[in-house]
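Residue numbers (my numbering): 19 to 107. These notes concern the structure reproduced below.
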């Protein structure tokens, strides 16, 4: 898991089965399974409701011209960006 902090700083942590990680409030993060087996990931929030936005969703809600101009992506890729974040319950 990589946690992104302000000013372009980030820290990456490697977890194994049974490990618990903590992310400070309002920090962006990215989780990637680097193993060979399926990952079961449980994300909990200290809140009475869930509120979050994914990078995919953030870019999907940004005007396509801005995404094209700044990220050097092609129009087909930009068109596939989602404007919603699918939830698993």
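We treat Cβ as the ideally placed atom computed from N, Cα and C, and that holds for glycine.
In terms of Cβ geometry, residue 93 and residue 99 do not form a close pair [threshold 8 Å]. Take the alpha-carbon of residue 57 and the one of residue 102: they are about 23 Å apart. Relative to residue 59, the option among 40, 26, 90 and 81 whose CA is nearest is 40. The beta carbon of residue 22 sits closer than 8 Å to the beta carbons of 28, 45, 46, 47 and 48 from its chain, once the five residues preceding and following it are set aside; these are given in chain order. Judged by DSSP in its simplified three-state form, residue 30 adopts strand. Per the coordinates, the alpha-carbon of residue 63 lies some 20 Å from the alpha-carbon of residue 35.
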